[in-house]
Each structure stands twice: as C-alpha cells, then as structure tokens.
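Everything below concerns the one structure shown next.
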Amino acid sequence: MQPFKYKPPRVKTGDLRVPVKFYEYAPNDGPEPGEKKEKVLYKCLAKVDNVWMKDLEQAKTNGTIEDITITIRDPLDDYIPTNKHYISVDARGYRDKHFNIKTSFPDPQDNAFIKIVGGIKS
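In numbering that gives the first Met the number 0, the protein residues as written are 0 to 121.
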C-alpha cells in the first residue's frame with residue numbers, strides 16, 4: 000500500500016495578485032468607423048503566467064503579436080468569458096495592451112479556477 004502524501008495545489012489564492020478587467024467593444028456612434036471601449040463586464044485578480052518559448056512560437060503561427068495566459072477564480076454564472084471580450088491587465092509591461100480572448104477552459108488541476116488565453120492580433 001502506498002502511503003498518503005499531501006500535494007499542495009499548483010495555484011493558490013495568494014498567487015492571484017494582478018488586477019484584470021474584462022470588457023467589450025462597441026461601434027462608434029455616427030458615421031465615423033472604429034470602435035470604443037464599451038463597458039467593463041468583470042473585474043478580478045489573476046495570476047499571469049510567464050511567457051514560454053513555445054508560447055511565442057505558437058503566437059507566430061496563429062498570427063498574433065503577443066499571447067497571454069491568465070488564471071482566475073471561477074466566477075460561475077457572474078461572468079462567462081467569450082471570444083468577443085477583451086482583457087486589460089494592470090501590471091507593468093501590460094498596460095495599454097488589450098488582449099482579445101481566444102479560449103477559456105477549466106484548470107485541469109483545480110476546478111475552482113479557469114485559465115484564459117488571450118492575444119493581440121498583428
């Protein structure tokens with residue numbers, strides 16, 4: 000019989016330190032083309048994962064300039080991320096960048112969190 004050994008979770012609540020906002024764009028009023036930031040849909044704290052070389056290679060093949068992977072606590076029915084929403088990260092190096100959500104999926108190690116992958120189109 001194998002002895003029980005406790006394995007701590009990979010993501011802890013203390014790791015969620017970076018404020019993020021999820022919002023959507025809407026077309027400008029009037030005849031001028033373009034979009035404006037419409038409304039903030041959800042605010043929370045997130046863990047921003049380090050960028051790996053494989054992520055940079057994947058970003059090149061997908062036609063994006065920069066990709067980001069964040070982990071947030073599962074908001075259940077309060078907010079459901081879709082590919083029509085954008086992410087704004089309030090951290091040095093990410094300010095004034097607006098990431099479009101590509102995918103979101105439950106964290107396979109812990110179902111209390113979800114992972115969201117976003118990217119900036121070239």
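C-beta: ideal position from N, C-alpha, C; glycine also.
Residue i and residue j closer than 9 angstroms at C-beta
{"i": "Tyr22", "j": "Leu40", "result": "yes"}
Residues near residue i in its chain [Cβ-Cβ closer than 7 angstroms; skip 5 each side]
{"i": "Thr63", "result": "Gly118, Ile119, Lys120 and Ser121"}
8 angstroms CB neighbourhood of residue i in its chain, flanking five on each side removed
{"i": "Asp109", "result": "Pro8, Arg9 and Val10"}
{"i": "Arg94", "result": "Val88"}
{"i": "Asn27", "result": "Gly33, Glu34 and Lys35"}
Sequence-distant residues of its chain with Cβ nearer than 6 angstroms to residue i (five each side left out)
{"i": "Val116", "result": "Thr68, Lys101 and Thr102"}
{"i": "Thr12", "result": "none"}
Minimum C-alpha distance to residue i - residue among the options
{"i": "Thr81", "options": "Phe104, Gly92 and Asn61", "result": "Phe104"}
{"i": "Lys114", "options": "Thr70, Val17, Lys46 and Leu15", "result": "Thr70"}
Start-to-end residues for the beta strand (DSSP E) that takes in residue i
{"i": "Asn99", "result": "His97 to Pro105"}
{"i": "Ala45", "result": "Glu34 to Val47"}
- Message: Between the segment 49–62 and the segment 70–85, can you find at least three pairs of beta-carbon atoms closer than 8 angstroms?
- Response: Too few Cβ pairs lie closer than 8 angstroms, so no.
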